[in-house]
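Protein chains in written order, with the numbering used here: chain A, 14 to 230; chain B, 14 to 230. Glycine residues also receive a C-beta, built at the ideal position from the N, C-alpha and C atoms. Take a look at the structure below.
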């Protein structure tokens, strides 16, 4: 496969080896569907009836997936997660393309995790920093693993630090409220950090810029 | 003044021109003193009696400084703030030293602003992103202004973006919970971003590293 052409990667699946549990994928989708209800009413205010309605399910149908409202509200923090070993790097796809996909995936999914953290702060007794480390720990593993595929000479500690730097930018750019277009701003900051580390020693400038260009959405 | 020796800058005062209001400095100190009470009990749980006690004041004494508990709890977000014009850059101090002091000041003060944001989310009707932009907007101005003193050729837009990048790292590194030593981690990330932008075009590597070295605390 040539690395010289932009590849769309329709099936970017770093979680491929997550021991085939389609029910977990379904639970994640249900959380996304119910997110507007949780956002509007908060943990305590959201009723099972409203949540089920948003998921096009009956309350009994929702209980098939989650044992309780608390389990539902904190699902993104507690679902099976990837670690360094279980992250699937696809050998048939340019690692740089996988890195781009991961950046875009992390930007899309950030609001889900921020919401789950807010809900958890109402009902989960674990300290905030423990919950946050759980929420972002998976990102650290997946970013770190893919960074080491992009640059096989990168040391583990370097990859971890770069992953943490990228995730801090991701979380912080949304947090400060300073960017009118936060998603575009964080994307360009993450790319700037990567570019300065990888170009030209690991990747030539032209290939980096071409591969990392945003999808014309 | 030589720029070649490490200067301690005992009086780093970017807020010098904030129109001499010692009462505002006193209010800021009172918020810091009451912070542990607000942290433990939250906005609603903290009583005026407890807050005044933490400030070594009577409740009446506390009301001399703040008209209400809400005014007290959200003071860091509402106090007079610096903007681009009012930031004082000291002509007698190496701008790089002022930048280092600002980095350390921002790391020290972050918990104060995060607390004020949490308290405000209970009582201030403005949306979270508006409050956060207020909290971090002053940092954007002060960082931007001092960055342009470090590199007089830097464009305004570049300085704003670099300030936002630094503040995103600051807020995000604390948020993700991934760093066991978050303060040291964010400091080294901020310096890395600055170093890659300023060295060697604006500042030689040796001077940068010597000036930005952490205080032996």
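In this structure residue 36/A is exposed. Its beta-carbon is surrounded by fewer than 16 other beta-carbon atoms within 10 angstroms. Here DSSP, grouped into helix, strand and coil, assigns residue 82/B to helix. Sixteen is the threshold: since fewer than 16 other Cβ atoms of the shown chains lie within 10 Å of the Cβ of residue 143/B, the residue is exposed.
Close CB contacts of residue 95/A within its chain, under the 6 angstroms cut and outside five residues either way in sequence, are with 28, 151, 154 and 155 (chain order). Secondary structure at residue 36/A: helix, using DSSP grouped into helix, strand and coil.
Ranked by Cα distance from residue 90/B, the options 163/B, 228/B and 128/B are led by 128/B. Scanning chain B for C-beta atoms nearer than 8 angstroms to the C-beta of residue 117/A yields nothing, as the closest lies near 18 angstroms away. Annotation for residue 190/A: no alpha helix (DSSP H) segment contains it, and DSSP assigns it neither H nor E.
In this chain, the alpha helix (DSSP H) harbouring residue 120/A covers 108 to 136. Taking 8 angstroms as the Cβ-Cβ cut-off, the stretch 132 to 143 of chain A approaches chain B at 141, 142 and 143, given in chain order. For residue 168/B, there is no enclosing alpha helix (DSSP H), as DSSP marks it with neither H nor E. Less than 9 angstroms separates the beta-carbon of residue 44/B from that of residue 85/B. The stretch 190 to 206 of chain A makes contact with the stretch 175 to 182 of chain B; the number of CB pairs closer than 8 angstroms reaches 3 or more.
For residue 122/A, no CB of chain B lies under 9 angstroms from its own CB, so it is not counted at the interface with that chain. Just so you know, the alpha carbons of residue 75/B and residue 55/B end up roughly 18 angstroms apart. At a beta-carbon threshold of 9 angstroms, the residues of chain A lying near residue 153/B are 189 and 191, ordered along the chain. Proximity to residue 47/B across 64/B, 59/B and 40/B peaks at 64/B, based on C-alpha coordinates.
The way I'd put it, the stretch 104 to 111 of chain A does touch the stretch 221 to 228 of chain A; three or more beta-carbon pairs between them come closer than 8 angstroms. When DSSP states are grouped into helix, strand and coil, residue 59/A belongs to the coil group.
Between the alpha carbons of residue 193/A and residue 132/A lies a gap of roughly 25 angstroms. With respect to chain A, the C-beta atom of residue 205/B has a partner C-beta closer than 9 angstroms. Using a CB distance cut-off of 9 angstroms, residue 79/B does not count as an interface residue toward chain A.
Interface flag for residue 170/A against chain B is unset, since no Cβ pair is found closer than 9 angstroms.
In this structure, the CA atom of residue 161/A is about 34 angstroms from the CA atom of residue 121/B.
Close partners of residue 57/B in chain A (Cβ separation under 8 angstroms) are lacking, with about 14 angstroms as the shortest Cβ gap. Ranked by how close their Cα comes to the Cα of residue 79/B, the residues 188/B, 197/B, 42/B and 134/B have 42/B in first place. Annotation: the continuous alpha helix (DSSP H) that includes residue 224/B extends over 218 to 225.
Contact with chain A is found for residue 182/B, since one of that chain's Cβ atoms lies less than 9 angstroms from the residue's Cβ. Counting only residues of its own chain and dropping the five nearest sequence neighbours on each side, residue 123/B has a CB closer than 8 angstroms to the CB of 183, 184 and 187. The three-state secondary structure of residue 69/A, taken from DSSP, is coil. Among the CB atoms of chain B, one or more fall inside 9 angstroms of the CB of residue 178/A. When the beta-carbon positions are compared, residue 141/A and residue 190/B come within less than 9 angstroms of each other. In this structure, residue 40/B lies near residue 92/B, with their beta-carbon atoms less than 9 angstroms apart. Sixteen is the threshold: since fewer than 16 other Cβ atoms of the shown chains lie within 10 Å of the Cβ of residue 53/A, the residue is exposed.
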